[in-house]
Amino acid sequence: MDKSTGPTEPKAPDESAGASEAPNSDNLAKAAGNSAPEASATAGEGAADLQGDANKSDRPGSFTIRLQSLPKSESGRIRITYGYLAKNLISLMGISGMVIFGLMLLFLSMLDLLGVFRDGSPYTGLITYVLVPALLTASFFFTLLGMAWRWWRSKKRGIRFEVVPGHTRKTKVAVVAMAIFVTLTWVMGTSFGTYRAYHYMESNEFCGLACHQVMEPEYVAAKISPHSRVACVECHIGPGADYFVKAKYRGLQQLWLSYSDEAQTPIKTPVESMRSAREICGQCHWPDRSIQNVERVFVHYAQDDENTKVQYNLMMKVGGGPMKSHGAHWHASEQLEVHYLARDEERQDIPYVRVKQPDGKIEEYMEDGFDRSTIVESELRLMSCLDCHNRPAHRFLSPSRAVNEAMHREDISPNLPGIKKVAMDALKGDYKTRDEAFTAIDKALDDYVKTKKLTPEQRDLLPKTRENLKEIYAKRFFPEHGVDYRAFFDNMGHFEYKGCDRCHDGNHKSANGGEPITHDCNACHTIIAQSTGEEEDKPNGQVNYKAVKFEHPEDPVNLKKSCNSCHGIKKDK
Numbered sequence: 056m057d058k059s060t061g062p063t064e065p066k067a068p069d070e071s072a073g074a075s076e077a078p079n080s081d082n083l084a085k086a087a088g089n090s091a092p093e094a095s096a097t098a099g100e101g102a103a104d105l106q107g108d109a110n111k112s113d114r115p116g117s118f119t120i121r122l123q124s125l126p127k128s129e130s131g132r133i134r135i136t137y138g139y140l141a142k143n144l145i146s147l148m149g150i151s152g153m154v155i156f157g158l159m160l161l162f163l164s165m166l167d168l169l170g171v172f173r174d175g176s177p178y179t180g181l182i183t184y185v186l187v188p189a190l191l192t193a194s195f196f197f198t199l200l201g202m203a204w205r206w207w208r209s210k211k212r213g214i215r216f217e218v219v220p221g222h223t224r225k226t227k228v229a230v231v232a233m234a235i236f237v238t239l240t241w242v243m244g245t246s247f248g249t250y251r252a253y254h255y256m257e258s259n260e261f262c263g264l265a266c267h268q269v270m271e272p273e274y275v276a277a278k279i280s281p282h283s284r285v286a287c288v289e290c291h292i293g294p295g296a297d298y299f300v301k302a303k304y305r306g307l308q309q310l311w312l313s314y315s316d317e318a319q320t321p322i323k324t325p326v327e328s329m330r331s332a333r334e335i336c337g338q339c340h341w342p343d344r345s346i347q348n349v350e351r352v353f354v355h356y357a358q359d360d361e362n363t364k365v366q367y368n369l370m371m372k373v374g375g376g377p378m379k380s381h382g383a384h385w386h387a388s389e390q391l392e393v394h395y396l397a398r399d400e401e402r403q404d405i406p407y408v409r410v411k412q413p414d415g416k417i418e419e420y421m422e423d424g425f426d427r428s429t430i431v432e433s434e435l436r437l438m439s440c441l442d443c444h445n446r447p448a449h450r451f452l453s454p455s456r457a458v459n460e461a462m463h464r465e466d467i468s469p470n471l472p473g474i475k476k477v478a479m480d481a482l483k484g485d486y487k488t489r490d491e492a493f494t495a496i497d498k499a500l501d502d503y504v505k506t507k508k509l510t511p512e513q514r515d516l517l518p519k520t521r522e523n524l525k526e527i528y529a530k531r532f533f534p535e536h537g538v539d540y541r542a543f544f545d546n547m548g549h550f551e552y553k554g555c556d557r558c559h560d561g562n563h564k565s566a567n568g569g570e571p572i573t574h575d576c577n578a579c580h581t582i583i584a585q586s587t588g589e590e591e592d593k594p595n596g597q598v599n600y601k602a603v604k605f606e607h608p609e610d611p612v613n614l615k616k617s618c619n620s621c622h623g624i625k626k627d628k
């Protein structure tokens, strides 16, 4: 072609020619710039395609260009397909990842639906509905990133092109159909995965094991509590999208602290951010249900050789129903409001109480020396269920209560002489790890066998006692987390903690000149039976249900004192 007739068109290289013989992108861009639009980058029948491959030359950043015959548009732009844009290492990695992780998600989801993972590790759900979908999504965006990168590189080189689904009508229809199929599959798959992931992240296993390992003590305690069949989120989050978002945000913060080893243990109870008990507890515990009085039986074993058993039958005046103005539940009645002021974050020091009656009458009670002018209304707390039932699902029993319960169930046999004292001493030790505690328990029982003259029948009881004593420690003591019965206050009752005595101590006097807050034990419960030794082996139907005077089973005590003045546990965590 004569040079005077027009610009020279770049010719397609011979298929046998090496990559080094192909013009680089700079020359191609120059040729394209000197050519007419309709003649730019054409070859053969007037069509060309650009495909940038890694340059094998020594020049940094250079590319070799291989020209192939492709249609061009009426404006002279090269018509390239999505497949062309995806022909790069980044997109190919993304496509491979989409295939691999898509098949993996399908396989794991089928196993989950068939129940294979029902009793398995909590990490199976984390992998199936969190990790694999995240990798699948990342692969998808890797594919788009590679395509965008190639599009940007072509634009930067000055190549004029347009992207089309395909070069023929059949190809275009196939591409569109495939796009619709992939989109629908993606939407259905991600919807199912999101649904399953949501419910998995709401499960007790996820909260206690898979992610928040620092919550192990609370998780174990919840599994043996009366609320063991209630999901964590039903109490800690409750209904409503706003609280769900807040809870997950706090969960992410805690997760970061856990994995950065900055989380403080024991985990502080978030009393300042918890929802109202009427919104949470009220979903199951109907406040208008008639309860009135409930009998409770408390069993105590003495630390003597006989393991002397003492049983108390108490009639608990819990109130409720038509007796809203009586009993312990009077404090959280919807018919009145009880506000109080606490000096400490754990709400153990309460100097001021305000009661608003249904008729609007207000009564105030306060300790001697308290200045009413210092009250800040925003600091007053409305009393609710959680002010007394503050450990409803995460109780860590003291050695005394845990051993008493085990002996009552005969998990630790009362027929072993002096076993109560041995078990108490073993559990009260200061251990660094659980293994260290188990070693100490084994040593204590081995020494016990050497010092006590046991019958063959009693020796046969030792393996079960050893196993259950270790189980008590495993479920109630967590030295690695700094959690046991001394880590949290338990406000139920007034035996080992102040509990009721925070207000019912006889020191909160009426500001209106009325009676102080009562310190009478019979206001909330009445002892209807007390037995010692073999006396308790009577069926409940033979118990003499009448009020009896409390008798301390051991040395005489001053009954004007509260139980916790002697039996109280010092919180040292």
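In our numbering, the protein residues as written are 56 to 628. Even for Gly, the Cβ is constructed at its ideal location relative to N, Cα and C.
Is residue i helix, strand or coil when you go by DSSP?
i, result
"MET421", "strand"
"LEU169", "coil"
"LYS323", "coil"
"GLU535", "coil"
"HIS549", "coil"
"PHE353", "strand"
"THR240", "helix"
"ILE182", "helix"
"ALA584", "strand"
"GLY374", "strand"
"GLN366", "strand"
"MET329", "coil"
"ALA91", "Unreliable placement is indicated for ALA91, whose pLDDT of 37 sits below 50; no coordinate value is reported for it."
"SER246", "helix"
"HIS563", "coil"
"LYS22", "Only positions 56 to 628 of the chain appear in the structure, and residue 22 is not among them; the question remains open."
"ASN143", "coil"
"HIS254", "helix"
Taking 8 angstroms as the cut-off, decide whether the C-beta atoms of residue i and residue j are in contact.
i, j, result
"GLU271", "PHE533", "yes"
"GLY554", "ASN562", "no"
"ALA542", "PRO325", "no"
"PHE544", "GLU317", "no"
"ALA478", "TYR528", "no"
"LEU482", "PRO511", "no"
"ASP560", "HIS580", "no"
"THR192", "ASP167", "no"
"ARG436", "ALA397", "yes"
"ILE292", "ALA277", "no"
"ILE496", "LEU471", "no"
"TYR367", "ILE582", "yes"
"VAL275", "LYS530", "yes"
"VAL187", "LEU158", "no"
"ILE235", "PHE197", "no"
"TRP207", "LEU140", "no"
Leaving out the 5 sequence neighbours to the left and right, which residues in its chain are closer than 6 angstroms to residue i when beta-carbon positions are compared?
i, result
"GLY473", "ASP360"
"PRO469", "ASN362, MET462"
"ASN595", "Low per-residue confidence applies at ASN595: pLDDT is 48, beneath 50, and the placement is therefore not dependable enough to give any value."
"CYS290", "ILE335"
"ALA357", "THR363"
"GLY263", "MET270, TYR274"
"ALA91", "Any reading at ALA91 must be qualified, since the residue scores a pLDDT of 37, below 50, and its modelled position is unreliable; the value itself is stated next. There are no such residues."
Return the Cβ separation of residue i and residue j in integer angstroms, given the expectation that the two are a contact with Cβ distance under 8 angstroms.
i, j, result
"GLY588", "THR363", "6 angstroms"
"ARG450", "SER315", "Not confirmed; about 30 angstroms, so no contact."
"GLU419", "ARG409", "5 angstroms"
"TYR255", "PHE261", "6 angstroms"
"TYR395", "MET438", "6 angstroms"
"GLN347", "GLY374", "7 angstroms"
"ASP480", "ALA499", "7 angstroms"
Quick one: residues in its chain with C-beta nearer than 7 angstroms to the C-beta of residue i, no 5 flanking neighbours on either side, listed in chain order?
i, result
"CYS618", "HIS549, PHE550"
"HIS282", "PRO447, ALA448"
"SER194", "GLY149, GLY152, MET153, PHE156"
"VAL349", "MET371, VAL373"
Between residue i and the rest of its own chain, which residues show a CB-CB distance below 8 angstroms, the 5 nearest in sequence each way excluded?
i, result
"TYR253", "none"
"VAL504", "ARG514, LEU517"
Would you verify that the beta carbon of residue i is, or is not, closer than 8 angstroms to some beta carbon of chain B?
i, result
"ASP414", "The displayed structure is made up of one protein chain only, and chain B is not part of it."
Give, in chain order, every unbroken run of the alpha helix (DSSP H) that is at least 4 residues long and sits entirely within the stretch 454-506. 454-463, 474-482, 489-506
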